[in-house]
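Peer 1:
There are 2 protein chains.
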Amino acid sequence: MTIAEVSKKYDLTADTIRYYEKIGLIPTVPRTEKGIRNFDEESCNWIEFIKCMRNAGMEIEILLEYVNLFKQGKTTVKARKRLLEEQREKLIEKQNNINATIERLDYKLELYDEIILGKRKDFTETI
Amino acid sequence: MTIAEVSKKYDLTADTIRYYEKIGLIPTVPRTEKGIRNFDEESCNWIEFIKCMRNAGMEIEILLEYVNLFKQGKTTVKARKRLLEEQREKLIEKQNNINATIERLDYKLELYDEIILGKRKDFTETI
DNA sequence: TATTGACTTAGAGCTAACTCTAAGTGATAT
DNA sequence: ATATCACTTAGAGTTAGCTCTAAGTCAATA
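Top line first, the protein sequences correspond to chains A and B. Just so we're on the same page, our numbering is the position in the first sequence counted from 1, plus 543. Just so we're on the same page, our numbering is the position in the second sequence counted from 1, plus 543.
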């Protein structure tokens with residue numbers, strides 16, 4: 544697959560994909576004799592994985608650590624597990640923050656509704 | 544309350560609080576005769592609100608819009624509601640992304656566990 | 001044959017959200 | 001009296017994560 548095809552498939556710009564490769568996030572992208580990227584299944588899997596993790600807000604530096612551990616082979620399995628567990632914890636915390644904020648917004652939206660419908664005579668501007 | 548006290552109370556640096564005020568995120572922070580910030584309850588409520596929204600990842604530009612609508616008074620109640628509804632939708636989407644990623648990590652962590660415990664003879668490196 | 005279009009590179013530029021620096025004021029402690 | 005400390009300002013610097021530019025190669029089409 545060319546970079547244009549991969550770009551379309553995963554909805555990432557070609558620039559972003561090249562950037563990810565340059566910094567080492569996508570190990571060993573194959574090339575044609577002319578030096579043009581020819582993404583195979585493994586490269587695509589990496590891109591899909593990176594995209595998913597980035598969408599959840601995981602930092603590139605952390606992902607780089609994971610990729611580098613991966614490159615070192617079986618001996619790093621435990622370290623990789625530890626890394627993913629840590630990131631899982633961070634995502635849980637993010638989830639909690641977002642949940643709390645959604646609940647707060649729900650409450651505010653209810654108040655706004657009551658104000659709009661005129662159910663609140665004691666209308667005081669709540670932040 | 545001085546900026547130092549507010550900084551401690553909400554775990555934000557004084558720099559961040561000054562920055563928020565400068566760009567207009569905290570309307571009307573009172574000052575002493577000497578020109579020193581003297582945060583009242585309303586200012587604190589704004590800071591707490593901004594902090595909560597920022598923690599969930601809401602953009603400063605959006606929060607500025609909200610604050611500006613708020614300043615214009617009752618006539619903007621519907622617009623404010625619309626704005627908060629939009630942001631709620633964005634948070635739901637983020638939540639979904641994070642949930643999907645946590646589930647994916649859970650699956651990977653199980654695989655890693657099986658590998659570590661030697662339950663997998665067919666060990667092939669999964670990304 | 002000339003040009004169009006997809007690819008290549010190195011490296012500069014951009015945006016959001018802070019974070020820091022320098023220079024200054026004023027109240028309190030030694 | 002002098003030094004320390006918390007505050008003030010304007011504006012420069014930083015970081016993450018892209019995004020764009022310029023200059024070039026190569027294959028296919030008018």
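Even glycine gets a Cβ: it sits at the ideal position worked out from N, Cα and C.
Please report the straight-line C-alpha distance between I579(B) and L555(B), rounded to a whole angstrom.
Peer 2: As a working mapping, residue 579(B) is identified with position 36 in the second sequence. As a working mapping, residue 555(B) is identified with position 12 in the second sequence. Straight-line Cα distance between these residues: approximately 18 Å.
Peer 1: At the level of alpha carbons, what is the spacing between I566(A) and N611(A)?
Peer 2: Residue numbering aside, residue 566(A) sits at position 23 when the first sequence is read from its first letter. Residue numbering aside, residue 611(A) sits at position 68 when the first sequence is read from its first letter. One C-alpha to the other measures close to 11 Å.
Peer 1: Would you be able to state if there are at least three C-beta pairs under 8 Å between the stretch 627 to 642 of chain B and the stretch 615 to 623 of chain A?
Peer 2: Not touching, per the Cβ criterion.
Peer 1: Tell me whether E576(A) is buried or exposed, calling it buried when 16 or more other Cβ atoms sit within 10 Å of its Cβ.
Peer 2: The sequence position of residue 576(A) within the first sequence is 33, counting from 1. The residue in question, E576(A), is exposed, as its Cβ has fewer than 16 Cβ neighbours within 10 Å.
Peer 1: Along the chain, which unbroken stretches of the alpha helix (DSSP H) at least 4 residues long are found entirely within the stretch 584 to 615 of chain A?
Peer 2: Taking only runs of at least 4 residues, the alpha helix (DSSP H) segments lying wholly in the stretch 584 to 615 of chain A are 584 to 598 and 603 to 614.
Peer 1: Could you tell me which chain B residues have their CB closer than 8 Å to the CB of T644(A), listed as they occur along the chain?
Peer 2: Here residue 644(A) refers to the residue found at position 101 when the first sequence is read from its first residue. The contacting residues are C595, M596, N598, A599, M601 and L634.
Peer 1: Roughly how many whole angstroms lie between the Cα atoms of C595(B) and E548(B)?
Peer 2: The residue given as residue 595(B) occupies position 52 in the second sequence. The residue given as residue 548(B) occupies position 5 in the second sequence. Distance between the alpha carbons of C595(B) and E548(B): 18 Å.
Peer 1: At 8 Å on the CB atoms, spell out the chain A contacts of K624(B), in chain order.
Peer 2: Here the question's residue 624(B) lines up with position 81 in the second sequence. L652, Y655, D656 and I659, listed in chain order.
Peer 1: Would you tell me roughly how many angstroms separate the C-alpha atoms of I635(A) and I645(B), rounded to the nearest one?
Peer 2: To locate residue 635(A), count along the first sequence from 1; it is residue 92. To locate residue 645(B), count along the second sequence from 1; it is residue 102. Going by the C-alpha atoms only, they are around 8 Å apart.
Peer 1: Given a cut-off of 7 Å, decide if W589(B) and I670(A) are closer than it, judged by their beta-carbon atoms.
Peer 2: In the first sequence, counting from the first residue as 1, residue 670(A) sits at position 127. In the second sequence, counting from the first residue as 1, residue 589(B) sits at position 46. In this structure, W589(B) lies closer than 7 Å to I670(A) by Cβ.
Peer 1: Locate the alpha helix (DSSP H) running through I546(A), then write down its first and last residues.
Peer 2: Within the first sequence, the letter at position 3 stands for residue 546(A). From DSSP, the alpha helix (DSSP H) with I546(A) extends over I546 to Y553.
Peer 1: Count the other C-beta atoms from every protein chain shown that fall within 10 angstroms of the C-beta of L648(B), then say buried if there are 16 or more, exposed otherwise.
Peer 2: Mapped onto the second sequence, residue 648(B) falls at position 105. Counting Cβ neighbours within 10 Å, L648(B) comes out buried, since at least 16 surround it.
Peer 1: Cβ of I603(B) within 7 Å of Cβ of K637(A)?
Peer 2: Here residue 603(B) corresponds to residue number 60 of the second sequence, with the count starting at 1. Here residue 637(A) corresponds to residue number 94 of the first sequence, with the count starting at 1. Cβ atoms of I603(B) and K637(A): not closer than 7 Å.
Peer 1: I'd like to know whether the C-beta atoms of I569(A) and S586(A) end up nearer to each other than 7 Å.
Peer 2: Looking up residue 569(A) in the first sequence gives position 26. Looking up residue 586(A) in the first sequence gives position 43. Taking 7 Å as the Cβ cut-off, I569(A) and S586(A) qualify as a contacting pair.
Peer 1: Near P573(B), what residues of its chain come up, given a Cβ to Cβ distance below 8 Å and the 5 sequence neighbours on each side ignored?
Peer 2: Taking the second sequence and counting its residues from 1, one reaches residue 573(B) at position 30. R580, N581, F582, D583 and S586.
Peer 1: Suppose you measure from the CA of D558(A) to the CA of G661(B); what does that come to, to the nearest Å?
Peer 2: As a first step, residue 558(A) must be located in the first sequence, where it is residue number 15. As a first step, residue 661(B) must be located in the second sequence, where it is residue number 118. When rounded, the distance between both Cα atoms is 41 Å.
Peer 1: For Y563(A), is the classification buried or exposed, using 16 other Cβ atoms within 10 angstroms of its Cβ as the cut-off for buried?
Peer 2: Counting from 1 along the first sequence, the entry for residue 563(A) is found at position 20. That one is buried.
Peer 1: For L559(B), report the span of its alpha helix (DSSP H) as first-last.
Peer 2: Locating residue 559(B) in the second sequence gives position 16, counting from the first residue. The sequence shown places Thr at residue 559(B), rather than the Leu named in the question. T559(B) -> alpha helix (DSSP H) spans A557 to I566.
Peer 1: Any residues in the stretch 577 to 594 of chain A with a beta carbon nearer than 7 Å to a beta carbon of chain B? Which ones, in chain order?
Peer 2: Listed in sequence order: N588, W589 and F592.
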